[in-house]
Structures are given as C-alpha cells and as structure tokens.
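Participant: Same order as they appear, the protein sequences are chains P and B. First residue of the first sequence: 1, per the UniProt record's numbering; consecutive thereafter. First residue of the second sequence: 1, per the UniProt record's numbering; consecutive thereafter. All C-beta atoms, glycine included, are put in the ideal place defined by N, C-alpha and C. Please read all numbers here as calculations on a predicted model, not as lab measurements. What follows is a structure written as structure tokens; I'll ask about it next.
There are 2 protein chains.
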Amino acid sequence: MDIAALRQANPEHWKKATAIRTLAMDAVQAANSGHPGMPMGMADVATVLFEKHLKFDPKQPDWADRDRFILSAGHGSMLVYALLYLTGYEDMTLDQIRNFRQWGSITAGHPEYGHVKGVETTTGPLGQGISNAVGFAMAEEKLRAEFGQKVVDHYTYVIAGDGCLMEGISHEAIGLAGHQKLGRLIVLWDNNDITIDGRVSLSDSTDQRARFAAAGWKVLACDGHDPADIDRALTAAKGSDRPVLIDCKTIIGFGSPKKADTNSAHGSPLGDAEIAATKEIYGWPHGAFDIPADILDAWRAIGAKGATARTEWEGRFTKLSGTKQAEFTRRMAGEAPKKLESAIRALKKQISETTPKVATRKSSEMVLEVVNEIMPETMGGSADLTGSNNTKTAGLGVFSPEDRKGRYVYYGIREHGMAAAMNGLALHGGVKPYGGTFMCFTDYARGSMRLSALMGVPVTYVMTHDSIGLGEDGPTHQPVEHLAMLRATPNTYVFRPCDTVETAEAWEIALTAPRTPSVLALSRQNLPTLRTEHKVRNQTAQGAYVLAEATGKRQAILMATGSEVEIAMAARDLLQAEGIGTRVVSFPCWELFEDQPEAYRRKVLPAGPVRVAIEAGLRFGWDRWLCDERGRREKAGFVGMEGFGASAPAPELYQHFGITAEAVAEKVKALL
Amino acid sequence: MDIAALRQANPEHWKKATAIRTLAMDAVQAANSGHPGMPMGMADVATVLFEKHLKFDPKQPDWADRDRFILSAGHGSMLVYALLYLTGYEDMTLDQIRNFRQWGSITAGHPEYGHVKGVETTTGPLGQGISNAVGFAMAEEKLRAEFGQKVVDHYTYVIAGDGCLMEGISHEAIGLAGHQKLGRLIVLWDNNDITIDGRVSLSDSTDQRARFAAAGWKVLACDGHDPADIDRALTAAKGSDRPVLIDCKTIIGFGSPKKADTNSAHGSPLGDAEIAATKEIYGWPHGAFDIPADILDAWRAIGAKGATARTEWEGRFTKLSGTKQAEFTRRMAGEAPKKLESAIRALKKQISETTPKVATRKSSEMVLEVVNEIMPETMGGSADLTGSNNTKTAGLGVFSPEDRKGRYVYYGIREHGMAAAMNGLALHGGVKPYGGTFMCFTDYARGSMRLSALMGVPVTYVMTHDSIGLGEDGPTHQPVEHLAMLRATPNTYVFRPCDTVETAEAWEIALTAPRTPSVLALSRQNLPTLRTEHKVRNQTAQGAYVLAEATGKRQAILMATGSEVEIAMAARDLLQAEGIGTRVVSFPCWELFEDQPEAYRRKVLPAGPVRVAIEAGLRFGWDRWLCDERGRREKAGFVGMEGFGASAPAPELYQHFGITAEAVAEKVKALL
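Right under this line is the structure:
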C-alpha cells in the first residue's frame, strides 16, 4: 500500500482514520496489553461508516431508532472506544482511554455491554457479535412491522474478523439470517488474512464470499483502505432484500513498518520504537493520546449530526397515538405489562383447583398460552424441537420474510445461534425472547448462555427433557451434570419446577427479572399437581419452601426439585407411615434461596433433622444445602445419579438407578 | 417414486434394502419409540455402501485397516444396528434388535461407542459424527504416511442429515477437512428435506452443495433410491484429492403411504396399520423381525467377503519389520511407551532441583518437549492459540496436505471442531491427540468434551489462562465457573497443577489413562516450583496430598489448586508466624482424590482443624471437601471468586477480589 498516496488522496479522511489508529496504538502501549492491529486495519472502514452511514447520536446513546454497531471482533475494542471518544460520547473520556484495561475503567479489554454507552453487546468470544446481530436485525424487522417505518427504521452493522467467520456459531447465524432475508443486516468482514497463529492459510481455505452467497446473502467487496470504495460498497449494501457481506480487504497493523500484515500486530503492543516509526509513516507528529483540535472538531461534528435525525424521529414518534407511544416506551424499557401478575395468579388458582397431571414442558405451554396473549413482546422459538419443547402457542404466527409480525421463530438445528440471536433480540429491546431445546444441548448453546449471564440479559431458555426421565434416547440426550453446570454460572436463575403452579411462578420471575437470564428445566414425563392449595405469593421466588410439613416430631427433611418432588412426597408418606416425621422442601431455584435472608433459610432448613436431597442428576453442588446454616453438618444423603444415564424407558431407569420413594425412605432410615 | 418399478428394476437390491427398512420399522414399533424414517430413507444408500464399497470384516470388527462407517445422524441408529445384524456381527443378534432401546440391551436409542462392535463413535448430538470423521480421516492420513499404504489404506464414510449440516460444528469440521484436503473422507448427505419441525424450508435456505464447494470439497449427487446411481457416485468419490460430499436425494420414511416425506416419519413409531400398509407396498409379506433366509444369506455373504481383504492385509502386515509391527500394534492399542515413566521421573527430579518459576502452560510445554520426543503417536494442536497454549514443541512438524507426517495441527478458530476431531483421532487409534484453547472456551467445545467423557476417549485438553490470572482480557476470557462445570462432568480428570512437577505428573496420568479424558487447567502467570523435594511417586495420582505439614499443633488445613497453592503456602507462613499450625494440601485433581480409599482421604483431610479452600474460581462444589469425612462439618471457609471477573492486570485483580495470603490468614483466624 502506498500510504503517501492515500494521505494525499483524501487528507481529511486520512487524519480522521489516523486518529483512531494512533489512539489504539497508544492505549495498547500504555496498558502494555491489547490488540492494536485490528483497529489500525479497520480504521478506514469505521471512519467511513461512522461519518457517512451510521445513524447515531452520542448525546442520546439509547435512542431507540439508532443504527446498531457491533464489533464482533471484540479484541479490537480500542476501535470502538476511539470512535466513541472521537464522536463525543460523554462517558468515553480521554482518561478512560488512557486507562484502557485498568481496574475501574470502562475501557475493558473487550467491549462490555452495560459498562460503556455505545457498546451494544459484549464481544470477545469470537462469533458472538455477528450472531447477536441476527437477533438485533430480527427485532428491528419485528418492531418495524408493528410500529411502522416512521419510528423503526434502522440498520445493524457488524465488523467481523476471520475468527468470527471460522467459529461454528457463525454458520448458524448466517444460515438463519440468510433464510430470514434480513436486509438490514450488513456485515463488514475485516479480511486481513491473519489469525493469531499466522496467515489464515495455515488453517483455512474457505471461499468466504461463496460461502455467504450459498447462505443467501448479497456479497460485496471493497478496498478497506480506500474511503471512496468503502463508501460505494456501504451505499450499495443498503436497501438489499438480503443480508449483506462486504468483504473489506485490509492490512492488519496498517502502516506499521515491521508488523503490518503479520500476526505480531494482532495481540501485543507495537513497542515505542515501532509506534514512532509508524506515526512517521502516518505523517502524525503528535504525542501519545494527542488528537489535534481540528481533527477532534471534525470528528465531533460527525457525532453532532445525529441530533438532527434524532429530533426528526422524536417529531414522528409524537405523532403516534398516545397508546402506541406508551406501548413502544414500555416495550423498549422491557417492562412487563401490569396484568401479568394477576393473570399468573388466576392461572395458579385454576391449576390448584383442577390439578392436571402433565409434564412441566406442557405446563410451560399452558403458562405461555396465558402470557403470550397479554405480552405482545414475547418472541418464542425452538431449535427444531417445537413439538417437544412446547414453545409454540396458538396464534403466535411464524416470523418469516413474509410475516414480520410473526412471533414464533423456527430457529432450525442451531442451539448456539438461537441463544446468540435471543441475546440480540433482548439487547435490541422491544421484544422478549424465549427459546427451547433439550436440556442436554445447553452444551451447544453454552457460549451464548454465559454471555446472557455476564451481560445480564433477561433471556429465557426453555430446556425440556431435563433428566433420565427422557428415557429411551439414552445418555447422549440425558443431562446429569447440566443442572450443576447451570447453577455454577453466575447471574443465572435455574428453575426446576415440580408442577404447573411452580412453572407459572418460574415464568413470572423470568419475565420480570430485569437483569438475569433464566433457565427452565422441564420434564418430559407427566407430573402431578403438588401445589393443590392456592397461594397468592410466588413461592418459587423464595427459591425453596416447605411444601409438606412433618407430622409429629420432625426427624427428616427431604429436599427435591422438579420431577423428584413427587418422589419426595411419596417417600414422606412411607416414612410418616412408620412414624418418622418428614418435611418436604420443594427447591425450584437455588439462586433465589441463596438470596433469601438467613433467617428464612434456617426456617426452611433448620438444623437437626436428617437431610436427604433427591434429584435425577449428580450430587455435585448439593453439599451446599446438605450442610446446615449453623456450621454443623447433619447426617445427610443424596438420592440421584452417579454418572451418565442409559437408554431404556424412563420408569425403568428410575428403578435401575435407584431414584425411588423406597430408596429415599431407606436412606433416611439408615441415617437416623 | 414408483416403488413397483424400483422393486422390479433390481429385486436383489430391493430385498436387501427392505430388510433394513423393515427391521427399523419393527424395532421402533416394538420399543414404542425411536426414529424409523431415516433408516427407511437411507437403506438404499447404506446397502450399496456396505455391499460394494465398505471394507469391513464382521468377524474382526477391530481390524485396523477397516473402512470406518459413521452414522452422524445417530437417531437413525436402527440403520446401523440392522446392518450389523444382517452382515453378521456376532454380538448384534436379532434379540438385541427386538430389545431396541431397552435396559441391558446394546441397541441404545443412539449408537454408543463401546456398547456395540461396529459402532465407531457415539452419535446423536447432531454434527458430532461428521466432525469426529475429520479426525478419523486425519489419523488415516497420518498413519498411512508413517506405516505405508500397504497396511493403512482406508476410507471414512459418514451419513449425515440436515441437522448435522445445520449445526455450527459442521462448519468447523468441513472447513478443517477442506483445508486439509482429506480425500479419504466421504460424506453421504441424507438430503430428505425434513427436520423435526417440518420441511427444511421452514428454517433453512442454504445451498449445501455450494457451501461444501466453498470449503474446498468435491461435490457429487445421486438419487438415493437408485442403487446404480448410488454406486456410480460412490465410485466417483474415491481417489479424490479433496473430501467428498455426495448429495443423496432421499425420501424420509420411504414407502410409508401416509408418512413418507413428512416429519411424522422422523421420530415416532409408524403404528401397526401403517407398517402393514408399508410392507404391502414393499412387497414384504413377512412378519415382524422376520428376515427370510435367502435375504439373510445374501447379506451374510456380503459380510463374509471382508475376510479375504483382511487376510490379505494380514499377509502384508507380517511383511513389515518386527519393530514396525510391534510399534503399529502398540500404537493401535493405545499403550504408552515403557520409557515414559522414567522420562517423567527424570524431568520431575530435574525440576525439583532447578526450581524454575514459570507459568504452568510453559510447564506443560516443558513436559511435552520430553513426551513428544519419546511418543511419536502424539498429535498436538491449538484452536489458533499456539503461542499462548504452548502446545507446539520443537520438531513436531505441521500436519498438512504437504506433510502428512506432521504432528501439529493448526486447527484454526474451531474449538468445537478441534475437540470433535480429537475424539475421532483417538477413536481411530494409532495417534494420541491433545489440543489447546483458553479455558473459558471450553464453553465452545463442551458438546464434544462431554462425548469424550461418555465414550471414555483419552483425549487431553490443554486449557490455559485458567482464571482471573489471565488479566486484562477481562471477564469474557476469565473462567470462574468452568472448573465446577468440568468437575461436574462424569469420567473426566480435571487437573489444576500448581507447578511444573505436578504438571508433569498430570500429563503422565493423562497419557496413560485408558478410558478417561483429561483437562489440564493451566496458568497464564508464572508460578514458583513448590515441589522442591523429589518424590518418585506420582502424587497427583492421589488427587490431593499434604504439600506442607503444620508445625506444632495442627489448627488449620488450607486446600488449594493451581496458582493458588502459592498463596496457600504464603498464608501458611503468615499463620505459622503467629503460632497457628497450618497444613497445606495441594489438590490438583478432585476425581482422583475421590477414588482414593477413605483412610487416605481422612489422613489428608482429618477432622478437627479449620478448613479453608483457596481457588480463583467459584466456591460451587467445594463444600464436598469443606465437610469432613466423619459427617460433621468443621468451621470452613472459601477464598475465591463470587462472580464474574474484570479487566485489569492480574495482580490487581487478585488484590481487588481478595484472593491473597493475607485474606486467607484472616479467614482462618476468624474461623478459629
């Protein structure tokens, strides 16, 4: 690349782009860690995007109709931090950039949602951003269909690197986006031919353009260092009836005499000497973090432009009816409608009276029939297990290019892509996503589920077939460690309801939790209604509670979740028949019980009686509750699985693995 | 489809294929669960493959040079069970097929490796089989290069469905296979246009042929119900310089008058009436499970053919030198060379004397320098973090189309694909795979890691950057729950060594464990050598052991793993200085400690002293060890993480999150 020629051809552009490059180099150098090469390579593309195409207002970063910009290649975080500073986002000060990657700063190593205004989603784990973007674009289509193009009319732009495109999740995302013809999704591929290990040719020979075309995308290309060509491609990308890939040919570490176009520009500081040599080539005589006033002014003017568009939008918005305005505002704020509480309550009452015996996956459907009726913001879906997950209720309609008002998504066999898209749907706002698969396949969705938790995105995972109760499909499909894995994840509610009433309560919490994702672990097999006495209070919100009190002297406490609460109740009958006073504690959510005051926890699990936990999963983690609050451990036992399951009808598996009322009663008596 | 015409065109083929179809229908009906549609649809393809192409000998299912057949669409398990029965695998009796999906039978819902001879890998979780197959094909290339085409010369055939191809892992697998030009890999795509939710067009519009071509595959197609066309395609697939996709156009539930070509043929019994009607169309007057002798004989003759090829192979094998024969046999048996033990011992001794201060990821490299020299079967790799995982030692060479003897794989940014390929490498036999990524990205590889455990495949996962010690990259890259998640997984050794000596011991166990995968959780940051006194015994094999005894009365026991053992030792110094006798237990592997006799466990963790565990992860699971063996819980504490990490230099993070020697000493004193 002839940098001198580029400088001369468009000096105004050059200076703006170089401000990004130098901030990235300087911040990484100051932190003595980070990734300078990617921002240096993509600075030209980002400059043209922000200057000529992106609709945003730094003074109102949460403006509902802004274009979304997602840096899927999150290691290039300094690119977005530099852009936010330069365009005038108030919390992105130069001090924050000087403190890149330091304790207490908002400029984390990878962009983190909630830390920084203007960062739409947390990225860094590769492939997540581009997959979130599919959800963002779906939300936009959905809301545009509902509220009209005058108030919803924006694009989702993504910068993705080779890493994002090699990850399997990208396949699921581009397949879903192509199928859904998400024309407002534009992906800028930082095609720099370099990965951490060296040239892409070390590990990959994929023709990415052909690959995206095969998935139904429109494919464009540009010279990623030629502003006119970038602008041409971006202009051509808009108004497409399909998602668009722009192959931006770039040079990593652009301009660095020794490191450009090599993997040594990727993940380490360039070093003072190399920075000096690079700035020389850039024609940038300024010191570290020094952005001359004229260049900063030019950038700030770009940021200021957005106010006009935003004001015009406000004008259009106020022309909506008052009801529509209120609804739009409620939806974007993620507030559940007021009548949800009473509807759940009414359902609980009805269930307590009619006591249906159904699988909790069916219970979940019964709850969703009520919820989806009164919450137009829900968007359901399943990774090709609709009839098994019971996620599709009457009248949802199917979200498709032909029906953007449809509220049900056939995600296909794409668990990871579904989870990432749901994160995007929730982050965009205005919709409330839930989606299902078999609980065992949380394994496939893990990468995105962790990000739901880390970001605090209230997505609901409907995970059915939650134990050996799945039966004949066998150990590949039977979760045993998954409850432990999910409970080990911070900021995640793991609900394992025992009947329809608890399922309704769990859904209520999931739909109203502002900053916590929820997992509903639901049975394949039928379960009796155990909550036969209607309680207004959401008992599941306490995490654990006394479902059946001991008669006579309390000698044992049985703790159980989900399908094993029925077994605990039967064991209680056996024990009480022998005069052994036995309390049954239903334990649908560990995390919420942990959050209760110690006094409540002690009340539910007092010291003294023998404790036995029953769960058709592994014991791992249960010792937390088998030890009592006073620091003494009572005699305690566990009835559950000791390893992987097997293929056989569920009732036989319960017998063979010894998860029965009789086994529980024996265990209690042995401990007494 | 005109079935009458097909019957007439090739009645011998028709009968053989229909034997498969009817066994599948009958078994699913008898089990009242299962997937008849796929075997019915792919019976013709499978018949041609087994009759005319697959090299196998039912009498010697483990013959090293057999072609490998992998049913990636594992739900169609009755297809492979029927084939194994018909061709004469001894343990696959008709009784086993009658007991499909029942307790104690080998005919599990999904094909399980180790249960059934002839099942090369456990499938069911979609996309795994096709991704394992990449490892199988790599192993074949590697061994052919090493031992010569006369003894290693076989193909890997895969049947994959739309589900396999939609899963993200398939993208990683086909990208890797295309890049590696694995010409011995032939994938038969069961292109039936149906998924569980309905037609593929509900959720996907990908042009699969174009997609595979974009990844560098040769693409063929055939009518999946025309034996001549299938044979033509299979013949054309062989001898390719690239992996081959054969698009087999099929009809799910082929022949079923009401269910063919619909999703209702996928996952439920057809029902007696529909079976009768289907058999009528098939021209199959026989009862359930009834295979007429002439048809069975024809199938058995196909199975018997393999003996010739196998005998010829044995003749060629015995012409190898005795040393080569012994080496090949050792390699295929997965036995470590005898000198491994002494080499590890020598390294330990040297380390105890030289006491290097290095990160355990570097320790791992030091061990691998020794191991790779004496174990030519190792194949290392990394998901694009070679320099960070320290997985590439001198002289390994790079496995590539140009160098099939290369022993290092640049897997690219494909954690899931790498893990699945490693399963395939290990299952093929003759090579011993290990591969690295950041420990946080076990999330991406989880689906395959679980299968390593379920199958009992001794793969080694080199998971570096195992805590907040990773520092500035921040919480997206800092595992906190992952140790718990991995420990919760059955049949997985999770090693978190504290120094180079423990790392060497962990590697020794990983390389010699016959049926258990291992995870090495390794630090980014430097750690001192703590095992300064040489011990011949592998102390890590005991799971936990006393690293430093209390001086004076034992009042506290500190348990720690990995990078926190150093902190425990420093805390011990503080406490001993105050006269508080403190034992330090290094705890590199929970699973192995659990396997110790209770007497040993009590000796290491006697009742009485205060117990504090220190680990830069979550407490989840630790209560198992914080409670003592006698059923009483001593005062116990935990110093570690309470949630996600943050972006900052590692030493600051340890300070801010309170994981310090001072905090440990304070905790002990508060508990005393």
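Out of P:Lys-362, P:Met-439, P:Lys-181, P:Asp-229, which one is the CA nearest neighbour of Lys-249 (chain P)?
Facilitator: Along the first sequence, read from residue 1 onward, the residue named residue 249 (chain P) stands at position 249. It is P:Asp-229.
Participant: DSSP on Tyr-545 (chain P), reduced to helix/strand/coil?
Facilitator: Here residue 545 (chain P) refers to the residue found at position 545 of the first sequence. Strand.
Participant: So with Cβ pairs under 8 Å, would you call Phe-620 (chain P) a contact of chain B?
Facilitator: One-based indexing of the first sequence puts residue 620 (chain P) at position 620. Yes, contact with chain B.
Participant: Output, in chain order, the set of chain B residues within a Cβ distance shorter than 9 Å of Gln-102 (chain P).
Facilitator: Here residue 102 (chain P) refers to the residue found at position 102 of the first sequence. Those are Glu-472, Ser-647, Ala-648, Pro-649, Glu-652, listed as they occur along chain B.
Participant: CB Met-78 (chain B) to CB Phe-100 (chain B), shorter than 8 Å?
Facilitator: In the second sequence, counting from the first residue as 1, residue 78 (chain B) sits at position 78. In the second sequence, counting from the first residue as 1, residue 100 (chain B) sits at position 100. For Met-78 (chain B) and Phe-100 (chain B), yes; Cβs fall inside 8 Å.
Participant: Residues of chain P with CB closer than 9 Å to the CB of Leu-454 (chain B), please, in chain order.
Facilitator: As a first step, residue 454 (chain B) is located in the second sequence; it is residue number 454 there, counting from the start. Residues of chain P passing the Cβ test: Pro-475, Thr-476, Phe-644.
Participant: How about the region 402-414 of chain P and the region 110-130 of chain P: do they share at least three Cβ pairs that are nearer than 8 Å?
Facilitator: no
Participant: Let me make sure I understand the geometry here. Which of B:Thr-500, B:Asp-473, B:Met-138 has the alpha-carbon closest to that of Asn-538 (chain B)?
Facilitator: Here the question's residue 538 (chain B) lines up with position 538 in the second sequence. Nearest option by C-alpha distance: B:Thr-500.
Participant: Evaluate contact between the region 46-61 of chain B and the region 230-244 of chain B, counting only Cβ atoms and requiring at least three cross-stretch pairs below 8 Å.
Facilitator: yes
Participant: What does DSSP give as the partner residue(s) for Ala-556 (chain B) in the beta ladder?
Facilitator: As a first step, residue 556 (chain B) is located in the second sequence; it is residue number 556 there, counting from the start. Bridge partners of Ala-556 (chain B): B:Thr-582, B:Val-610.
Participant: Contact between the region 200-220 of chain B and the region 267-281 of chain B: three or more CB pairs below 8 Å?
Facilitator: no
Participant: Taking the beta carbon of Gly-631 (chain P) as the centre, do at least 16 other beta carbons fall within 10 Å, making it buried, or is it exposed?
Facilitator: Position 631 of the first sequence, counted from the first residue, corresponds to residue 631 (chain P). Note that Gly-631 (chain P) scores 48 on pLDDT, short of 50, meaning its location in the model is unreliable and no value can be drawn from it.
Participant: So, helix, strand or coil for Met-92 (chain B), using DSSP?
Facilitator: The count along the second sequence starts at 1 and reaches residue 92 (chain B) at position 92. Of the three classes helix, strand and coil, the one that applies to Met-92 (chain B) here is coil, per DSSP.
Participant: Between which two residues does the beta strand (DSSP E) containing Val-409 (chain B) stretch?
Facilitator: Position 409 of the second sequence, counted from the first residue, corresponds to residue 409 (chain B). In the DSSP assignment, Val-409 (chain B) falls within the unbroken beta strand (DSSP E) covering 408-410.
Participant: Using three-state DSSP, classify Pro-58 (chain P) as helix, strand or coil.
Facilitator: Within the first sequence, residue 58 (chain P) is the residue found at index 58, counting from 1. If DSSP states are grouped into helix, strand and coil, Pro-58 (chain P) belongs with coil.
Participant: Going by the CB atoms, is the gap between Ala-421 (chain B) and Ser-131 (chain B) shorter than 8 Å?
Facilitator: Stepping through the second sequence from its first residue, residue 131 (chain B) is reached at position 131. Stepping through the second sequence from its first residue, residue 421 (chain B) is reached at position 421. Result yes, Cβ atoms of Ser-131 (chain B) and Ala-421 (chain B) sit closer than 8 Å.
Participant: Restricting to Cα atoms, I'd like to know which of B:Glu-481, B:Asn-389, B:Trp-103 is closest to Ser-467 (chain B).
Facilitator: Along the second sequence, read from residue 1 onward, the residue named residue 467 (chain B) stands at position 467. Residue B:Glu-481 is the option with its Cα nearest to Ser-467 (chain B).
Participant: At which residues does the alpha helix (DSSP H) containing residue 732 (chain P) begin and terminate?
Facilitator: For residue 732 (chain P) there is no data in the structure shown, the boundaries of chain P being 1 and 672.
Participant: Report yes or no: do the region 475-495 of chain P and the region 505-517 of chain P share at least 3 C-beta pairs separated by less than 8 Å?
Facilitator: For the pair of segments examined, the region 475-495 of chain P was found to touch the region 505-517 of chain P: the number of CB pairs separated by less than 8 Å reaches three.
Participant: Please list the partners that Asp-207 (chain P) has in chain B, where partner means a Cβ-to-Cβ separation under 9 Å.
Facilitator: For the purposes of this step, residue 207 (chain P) is taken as the residue at position 207 of the first sequence. Within 9 Å Cβ-Cβ: Ala-213, Ala-214, Ala-215, Gly-216.
Participant: Mapping DSSP to helix, strand and coil, what is Ile-194 (chain P)?
Facilitator: Position 194 of the first sequence holds residue 194 (chain P). Note: Ile-194 (chain P) maps to strand in three-state DSSP.
Participant: My output table needs one value for Asn-526 (chain B): the three-state DSSP class, helix, strand or coil.
Facilitator: By 1-based counting over the second sequence, the position of residue 526 (chain B) is 526. Residue state, collapsed to three classes: strand.
Participant: Going by beta carbon distance, what residues of the same chain come within less than 7 Å of Asp-44 (chain B), once the five residues before and after it are set aside?
Facilitator: By 1-based counting over the second sequence, the position of residue 44 (chain B) is 44. If we look at Asp-44 (chain B) and ignore the five residues flanking it on each side, its Cβ neighbours are Ala-17, Gly-224, His-225, Pro-227, Ile-230.
Participant: Is the CB-CB distance between Gly-397 (chain B) and Arg-407 (chain B) below 8 Å?
Facilitator: In the second sequence, counting from the first residue as 1, residue 397 (chain B) sits at position 397. In the second sequence, counting from the first residue as 1, residue 407 (chain B) sits at position 407. A contact, by the Cβ cut-off of 8 Å.
Participant: Going along chain D, which residues have a C-beta under 8 Å from Ala-488 (chain B)?
Facilitator: No chain D is present in this structure, whose protein chains are P and B.
Participant: Report all residues from its chain with a CB closer than 7 Å to the CB of Gly-303 (chain B); omit the five preceding and five following residues, and keep chain order.
Facilitator: Stepping through the second sequence from its first residue, residue 303 (chain B) is reached at position 303. Only Pro-58, Thr-87, Gly-88 meet the Cβ criterion.
Participant: Work out the CA separation of Thr-391 (chain B) and Ile-3 (chain B) for me, nearest whole Å.
Facilitator: Position 3 of the second sequence, counted from the start, is the residue given in the question as residue 3 (chain B). Position 391 of the second sequence, counted from the start, is the residue given in the question as residue 391 (chain B). Their Cα atoms are separated by approximately 56 Å.
Participant: Under 8 Å: do the region 240-258 of chain B and the region 186-200 of chain B share three or more Cβ pairs, one atom per stretch?
Facilitator: yes
Participant: Leaving out five residues on either side along the sequence, give the residues of the same chain with a beta carbon under 6 Å from the beta carbon of Ala-145 (chain P).
Facilitator: Residue 145 (chain P) sits at position 145 when you count from the first residue of the first sequence. The beta carbon of Ala-145 (chain P) sits closer than 6 Å to the beta carbons of Arg-404, Lys-405 from its chain, once the five residues preceding and following it are set aside; these are given in chain order.
Participant: Just tell me which of P:Ile-251, P:Ser-203, P:Arg-361, P:Lys-181 has its CA closest to the CA of Trp-217 (chain P).
Facilitator: Your numbering for residue 217 (chain P) matches position 217 in the first sequence. Selected option, being the one with the closest Cα: P:Lys-181.
Participant: Would you say Cys-222 (chain B) faces chain P, with C-beta separation under 8 Å as the test?
Facilitator: In the second sequence, counting from the first residue as 1, residue 222 (chain B) sits at position 222. Output row for Cys-222 (chain B): interface = no.
Participant: Any Cβ of chain B within less than 8 Å of the Cβ of Ile-413 (chain P)?
Facilitator: Residue numbering aside, residue 413 (chain P) sits at position 413 when the first sequence is read from its first letter. Closer than 8 Å: yes.
Participant: Flag His-171 (chain B) as yes if its beta-carbon sits less than 8 Å from any beta-carbon of chain P, otherwise no.
Facilitator: The residue labelled residue 171 (chain B) in the question sits at position 171 within the second sequence. It does: the Cβ of His-171 (chain B) has a partner Cβ on chain P nearer than 8 Å.
Participant: Considering only the alpha carbon of each residue, which of B:Thr-529, B:Pro-490, B:Gln-478, B:Leu-626 lies closest to Gly-643 (chain B)?
Facilitator: Within the second sequence, numbered from 1, the residue matching residue 643 (chain B) stands at position 643. Checking every option, the nearest Cα to that of Gly-643 (chain B) belongs to B:Gln-478.
Participant: Would Thr-318 (chain P) be called buried (16 or more neighbouring beta carbons within 10 Å of its own) or exposed?
Facilitator: As a first step, residue 318 (chain P) must be located in the first sequence, where it is residue number 318. Counting Cβ neighbours within 10 Å, Thr-318 (chain P) comes out exposed, since fewer than 16 surround it.
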